[in-house]
Amino acid sequence: MAWAPDRSAARGGTGTTTGTTLEVLRALESGPRGLPEAEADARLARHGENVFPGRRPDPWPRRFARSLRDPFTAVLLSLGLVSAGLAAWGTACVIAVLVTVSCVLRATGEHRADRSAAALRELLATTATVRRRPAETEEPVTRELPVEQLVPGDLVLLAPGDLVPADLRLLRTTGLTVHEAALTGESAPVARSAPGDLCLQGGSVVSGSATGVVVATGADTVLSGAVPQERGRRLPGPFDRSVNGIAWTLVRCMLLVAPLVLLASALVRGRGMETLPFAVAVAVGLTPEMLPVVVTTALARGAALLARGGEVIVRRLPALHDLGAVDVLCVDKTGTLTQDRPVFACAVDAEGRDDPAVLHWAAVAALWTLHLAELPAPDALDEALLDADEERGGGADGVEGLVALPCGPGRRIASALVRVAGGEPGTLPDLLPDPVPGSLWGSLPGNVRPLQPLRPAGGAPAGRYVLVVKGAAEDVLERCTRVSDEGHARVISAADRTRLAARADALAGSGLRVLAVALAERPASTSPYAPEDERELTLVGFAGLQDALAPTAAEALAVLAGRGVTVKVVTGDHPGTAARACRELGLDPGEPLTAARIDAADDAELARLAARTTVFARCAPEHKARVVRALRTGGTTTGFLGDGVNDLAALHAADVGICPRDGVAVAREAADVVLASKDLTALDRAVVTGRRSTGHITAYLRITLSSNLGNVIAMLAAGLLLPFLPMLPAQVLVQNLCFDAAQLALAFDRPGAAAHLRPVVLRPRALFRFMTRFGLLNATADLATFGVLALSVHSLGAEEGQAAFHAGWFTENLLTQALVMLLLRAGRDAAERRAPLPVRLATAGLAVVGLLLPLSPLGPALGMTALPPLYYALMAVVLTLYGTALAAAHRKART
Ligand SMILES: Nc1ncnc2c1ncn2[C@@H]1O[C@H](COP(=O)(O)OP(=O)(O)OP(=O)(O)O)[C@@H](O)[C@H]1O
746 MAWAPDRSAA RGGTGTTTGT TLEVLRALES GPRGLPEAEA DARLARHGEN
796 VFPGRRPDPW PRRFARSLRD PFTAVLLSLG LVSAGLAAWG TACVIAVLVT
846 VSCVLRATGE HRADRSAAAL RELLATTATV RRRPAETEEP VTRELPVEQL
896 VPGDLVLLAP GDLVPADLRL LRTTGLTVHE AALTGESAPV ARSAPGDLCL
946 QGGSVVSGSA TGVVVATGAD TVLSGAVPQE RGRRLPGPFD RSVNGIAWTL
996 VRCMLLVAPL VLLASALVRG RGMETLPFAV AVAVGLTPEM LPVVVTTALA
1046 RGAALLARGG EVIVRRLPAL HDLGAVDVLC VDKTGTLTQD RPVFACAVDA
1096 EGRDDPAVLH WAAVAALWTL HLAELPAPDA LDEALLDADE ERGGGADGVE
1146 GLVALPCGPG RRIASALVRV AGGEPGTLPD LLPDPVPGSL WGSLPGNVRP
1196 LQPLRPAGGA PAGRYVLVVK GAAEDVLERC TRVSDEGHAR VISAADRTRL
1246 AARADALAGS GLRVLAVALA ERPASTSPYA PEDERELTLV GFAGLQDALA
1296 PTAAEALAVL AGRGVTVKVV TGDHPGTAAR ACRELGLDPG EPLTAARIDA
1346 ADDAELARLA ARTTVFARCA PEHKARVVRA LRTGGTTTGF LGDGVNDLAA
1396 LHAADVGICP RDGVAVAREA ADVVLASKDL TALDRAVVTG RRSTGHITAY
1446 LRITLSSNLG NVIAMLAAGL LLPFLPMLPA QVLVQNLCFD AAQLALAFDR
1496 PGAAAHLRPV VLRPRALFRF MTRFGLLNAT ADLATFGVLA LSVHSLGAEE
1546 GQAAFHAGWF TENLLTQALV MLLLRAGRDA AERRAPLPVR LATAGLAVVG
1596 LLLPLSPLGP ALGMTALPPL YYALMAVVLT LYGTALAAAH RKART
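Using our numbering, the first residue of the sequence shown is number 746, and each one after it goes up by one.
This is the structure:
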């Protein structure tokens, strides 16, 4: 005997229209059968694409103007204006060139990064389910369409997890609840159940289903008009915090340096405001003007590498840094550690004896949930129950489903109300309690779909109405007042409850996913059916399902552990099942923390508990989000991998939200990183790439900041000791441009494998420690060079001596910068590791320019002259000593 209805038809159902609905449709020149494709194309040409205005890439001039607002650029510009005000045209020109080069490079880099991000977004194109007619006279076809192509008048079907793709007027709804935080700030889902209601773009469907007609798209939607810039704004993550911290500390230093120089020169040499251009030049010398360019380049390059294989798509560039910084990764169990392909293992009664009736009733509920609940995808547990019952030769002839309430975010039971034809003795055992009176058919809360009985009122058909409930053992047990004892229902005692809970725990502890199954007879009714009706049940037994472990999970967990990432499991499942899966995968589950304990703890206690817990079980969406927030409070950089509506809050709460490509649209939209599959192996590659990108940025900062600081100290010393400017503006410009250009090659560096063994994060403090230590070393080399110059050029006349000093310091600066680039690259083994070709070429280029430029015809033009051989001989000694000290200090450094 087979299941009567066809399972493949479980999703579907078309809408009906009412008078008002027809009016809406008529006003939009549409109809219940959808628009013809040709008409939709014409409307697309008329209305334009359904693109949120904020998503359009900024035009180049706006991008350029925006890069002027960067803190470094702003300070540089102010210093430039001061210089121009004092008629220090050389310094002002240098600043103007630096600012222009940095802004052009940054705007170009961002433009390129945006273009590739847009191409990546296309890979993830969010689609909407629309109903259209291929031609005027043809039947409508329901298909997926990229949301950009929606036009007013289109008929759109909504299901749980969908993002509302445009402003819709609802035509037909089934228990629709929508999360509209982006629009209203209201965090609880709201019911949008009345036909004629507006459902606005920016919302996401939590439960239920609906058909609506598009009334506005693109820039005409309420969200675009009202809050265009609100969307996408999020709390600063580790990357933003670090970069802002570094930027503002440097800006403060720059602002302090100029007055300090003025003061020192007034005290030491009795000079006045004429020193201001020099003071400005010293402040400029501290600026890492290429930082924004280097950051964009390093992150965009990493994201492009990851996207190449299509395995990982980074939706927000800074998330790549944050991914490399993640030290705690929260994952769910089902589908990540296990395959989410459950197979039926056993069905036992309350005493633990095999009982096919338990499977039968579980399968009855599963079948009608699949048929009536319009789930976005068939539930794997339900499919497994149906397969097993079919194999056993079971079936549901004579059982007709009336309504179904599926599981949902925070709801761990599913139930179906069925009519059992005849209901003669034997069909339904004597275990059912008396029918609960009609008063129980309460009104419907917002988050539950009201499914009407299939049969209309007026003469309920014969048979008995049975409510079948299955789900998490604790949740079902607390709704039971009786237990089936050898086919007879008896009142459940406290001892029974303890025994039954222990039985469920034992099954879960053996690794099975456990569903308790309970029944109740209900009177015939045409009123809506609600969760309040799921009570006074009789427990019939437990079904156990085996979900095999994901084949790559054990290895991936070991690799992540080796990378210093602690994995925590945050699951809706039973603690026993989750703990067993962890153990089999080599992850010590420790003492699982359940939702009840999470609820009982305040934020501070939860932060302490979360830090030492590996398995968080029975978690509803708010528990997942609280756990993630608690971990972040504890000081960790927390990633969260999830794919469902119930993961949404945690995806938002995490430093890095990660979602597989086949996750629901709303989860994908919330995620920073999208994986081709829910496989931890791909994540490892992404983590390593994130660490590499951060490594490049850190190396740039370390090299630039320590060099700059060294130069600033030396400049200060020279400025106070010498009667002339130690470096002319044109020389500052050439030197900075050469160094900046060479440093772009650092993006090609490949630090040794050891550099990726720990989470990597930009740490402003560590960076400034490094800057101070190596800046002082650099300043020592510069001061030694002044000594060398004093020895080798002392016999020259004043003017020639000045040009020789400029040439000598210029050469030494470029040579030490080449050395610093080679020796302070990422990884403490930088000195021993051969640099990649681009880095070698860049450093060789720096050295050649440093040595030859003063000797070339350009030298005198820039105020430099040739140096005597003694200088080069002494310089070689200084550089050898400096290089040795640099390599030794770097090996010891702890950044
Ligand atoms: N189809 C179903 N019928 C009845 N109960 C279900 C069904 N699906 C899930 N449940 C119950 O709800 C619980 C929570 O499910 P949920 O989907 O939140 O998490 P999960 O799939 O068990 O785990 P994870 O959070 O790791 O993905 C399950 O452990 C089970 O007890």
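Ideal Cβ placement from N, Cα and C applies to all residues, glycine included.
This structure is a prediction, so every number in the text was calculated from the model and none was measured.
Once DSSP output is grouped into helix, strand and coil, what is the label at P1033? Your numbering for residue 1033 matches position 288 in the sequence shown. In the structure shown, P1033 sits in coil (DSSP, three-state: anything other than H, G, I, E or B).
Looking only at C-alpha atoms, which of E855, G1097, R1578 and A1092 sits nearest to L1044? Along the sequence shown, read from residue 1 onward, the residue named residue 1044 stands at position 299. Of the listed residues, the one whose Cα sits closest to L1044 is E855.
Contacts around C848, its chain only, beta-carbon distance under 7 Å, and the 5 residues preceding and following it disregarded: By 1-based counting over the sequence shown, the position of residue 848 is 103. Excluding residues within five positions, the ones whose Cβ falls inside 7 Å are F809, S812, L813 and T818.
When we look at the beta-carbon of D1099 and count the other beta-carbons within 10 Å, is it buried (16 or more) or exposed? Against the sequence shown, residue 1099 aligns to sequence position 354. Counting every other CB atom within 10 Å of its CB across the protein chains shown gives D1099 a total below 16, marking it as exposed.
Unbroken stretches of the beta strand (DSSP E), 3 residues or longer, contained in the segment 1259-1333: When DSSP assignments are scanned along the segment 1259-1333, the uninterrupted stretches of beta strand (DSSP E) that are 3 or more residues long and fall wholly within it turn out to be 1282-1291 and 1311-1315.
Would you say A1159 touches ligand 1, meaning its beta carbon is less than 7 Å from a heavy atom? In the sequence shown, counting from the first residue as 1, residue 1159 sits at position 414. Yes, the beta carbon of A1159 sits closer than 7 Å to at least one heavy atom of ligand 1.
Nearest to A1486 (by Cα), restricted to the options T1588, D1250, G1216 and D815: By one-based count along the sequence shown, residue 1486 stands at place 741. Among T1588, D1250, G1216 and D815, the Cα nearest to that of A1486 is on T1588.
Taking C-beta to C-beta, are H1105 and G1138 nearer than 8 Å? In the sequence shown, the residue the question calls residue 1105 occupies position 360. In the sequence shown, the residue the question calls residue 1138 occupies position 393. Taking 8 Å as the cut-off, the Cβ atoms of H1105 and G1138 do not count as close.
In this structure, how does DSSP classify D899 when only helix, strand and coil are distinguished? For the purposes of this step, residue 899 is taken as residue 154 along the sequence shown, with counting starting at 1. If DSSP states are grouped into helix, strand and coil, D899 belongs with coil.
Cα separation between L1051 and R1585? Here residue 1051 corresponds to residue number 306 of the sequence shown, with the count starting at 1. Here residue 1585 corresponds to residue number 840 of the sequence shown, with the count starting at 1. Near 26 Å, if we compare the C-alpha coordinates of R1585 and L1051.
Give me the residue from G1595, T1449 and L1619 with the minimum Cα distance to G1532. Taking the sequence shown and counting its residues from 1, one reaches residue 1532 at position 787. Looking at the Cα atoms, L1619 is the closest of the given residues.
Tell me whether K1637 counts as near ligand 1, meaning its Cβ is closer than 7 Å to at least one heavy atom of that ligand. As a position in the sequence shown, residue 1637 is number 892, starting the count at 1. No.
In three-state DSSP terms, what is I1448? Here residue 1448 refers to the residue found at position 703 of the sequence shown. Here I1448 sits in helix by DSSP.
How should P983 be labelled, buried or exposed, when 16 other C-beta atoms within 10 angstroms of its C-beta is the threshold for buried? By one-based count along the sequence shown, residue 983 stands at place 238. P983 comes out buried.
So, helix, strand or coil for G776, using DSSP? Translated into the one-based positions of the sequence shown, residue 776 becomes position 31. G776 falls in the coil class under three-state DSSP.
Going by beta-carbon coordinates alone, are L1681 and G1309 separated by less than 8 Å? The question about residue 1681 has no answer here: the residues shown for the chain are numbered 746 through 1640.
Which of the three DSSP states, helix, strand or coil, is assigned to S1540? Position 795 of the sequence shown holds residue 1540. Looking at S1540 - three-state DSSP - the assignment turns out to be coil, as it is neither helix nor strand.
Just grab the DSSP bridge partners of I1458 for me. For the purposes of this step, residue 1458 is identified with residue 713 of the sequence shown, where counting begins at 1. Partner(s): none; I1458 has no beta bridge.
Going by DSSP, what residue range makes up the alpha helix (DSSP H) through H792? Position 47 of the sequence shown, counted from the start, is the residue given in the question as residue 792. Start and end: E782 to H792.
Nearest to R1061 by alpha carbon, out of A1261, A964 and I1403? In the sequence shown, residue 1061 corresponds to position 316, counting from 1. Ranking the options by Cα distance to R1061, first place goes to I1403.
Got a sec: does ligand 1 put a non-hydrogen atom nearer than 7 Å to the Cβ of D1655? This structure does not reach residue 1655, given that the chain is present from 746 up to 1640, and the question cannot be answered.
Looking at D1417 and A1048, is the spacing between their C-beta atoms short of 8 Å? The sequence position of residue 1048 within the sequence shown is 303, counting from 1. The sequence position of residue 1417 within the sequence shown is 672, counting from 1. Result no, Cβ atoms of A1048 and D1417 do not sit closer than 8 Å.
Would you kindly check if the distance between the Cβ of S949 and the Cβ of R1507 is under 8 Å? What you label residue 1507 is simply residue 762 of the sequence shown in a count that begins at 1. What you label residue 949 is simply residue 204 of the sequence shown in a count that begins at 1. Per the sequence presented here, residue 1507 reads as Leu, with Arg not at that position. Contact flag unset, no.
Quick check: the segment 897-904 against the segment 778-786, are at least 3 beta-carbon pairs closer than 8 Å? Put simply, the segment 778-786 touches the segment 897-904. At least three CB pairs are less than 8 Å apart.
Is the CB-CB distance between N795 and V923 below 8 Å? Residue 795 sits at position 50 when you count from the first residue of the sequence shown. Residue 923 sits at position 178 when you count from the first residue of the sequence shown. Cβ distance not < 8 Å, so N795 and V923 don't count as in contact.
Quick check: what's the CA-CA separation for R1518 versus I1448? For this step, residue 1518 is matched to residue 773 along the sequence shown. For this step, residue 1448 is matched to residue 703 along the sequence shown. Going by the C-alpha atoms only, they are around 12 Å apart.
Exposed or buried, L1612, counting other C-beta atoms within 10 Å across all chains shown (16 or more means buried)? In the sequence shown, residue 1612 corresponds to position 867, counting from 1. Around the C-beta of L1612, 16 or more other C-beta atoms lie within 10 Å, and the residue is accordingly described as buried.
Excluding the 5 residues flanking G963 on each side, which residues of the same chain have their C-beta closer than 6 Å to its C-beta? The residue you call residue 963 lines up with position 218 of the sequence shown. G793, N795 and V796.
Can you grab the Cα-Cα spacing for the pair T1041 / H1441, in whole Å? On the sequence shown, residue 1041 is found 296 positions in, with the first residue counted as 1. On the sequence shown, residue 1441 is found 696 positions in, with the first residue counted as 1. If I take the Cα positions, the gap works out to 11 Å.
Roughly how many whole angstroms lie between the Cα atoms of V688 and D1250? The structure shown does not extend to residue 688, since the chain spans only 746 to 1640, so no value can be given for it.
Run of the beta strand (DSSP E) containing A873, from where it starts to where it stops: Stepping through the sequence shown from its first residue, residue 873 is reached at position 128. Where A873 is concerned, the enclosing beta strand (DSSP E) stretches over T872 to R878.
For R1353 and G1379, I'd like the C-alpha separation in whole angstroms. On the sequence shown, position 608 is the one that residue 1353 refers to. On the sequence shown, position 634 is the one that residue 1379 refers to. Their Cα atoms are separated by approximately 7 Å.
Going by beta carbon distance, what residues of the same chain come within less than 8 Å of A1346, once the five residues before and after it are set aside? To locate residue 1346, count along the sequence shown from 1; it is residue 601. Cβ within range, chain order: L1354.
At a threshold of 7 Å, does D1347 count as lining ligand 1 (C-beta to nearest heavy atom)? Counting from one through the sequence shown, the residue named residue 1347 turns up at place 602. For ligand 1, not one heavy atom lies less than 7 Å from the Cβ of D1347.
What are the boundary residues of the beta strand (DSSP E) that includes F1484? Position 739 of the sequence shown holds residue 1484. Unbroken run through F1484 is the alpha helix (DSSP H), P1474 to Q1488; no beta strand (DSSP E).
From the DSSP output, in three-state form, read off P891 for me. What you label residue 891 is simply residue 146 of the sequence shown in a count that begins at 1. P891 falls in the strand class under three-state DSSP.
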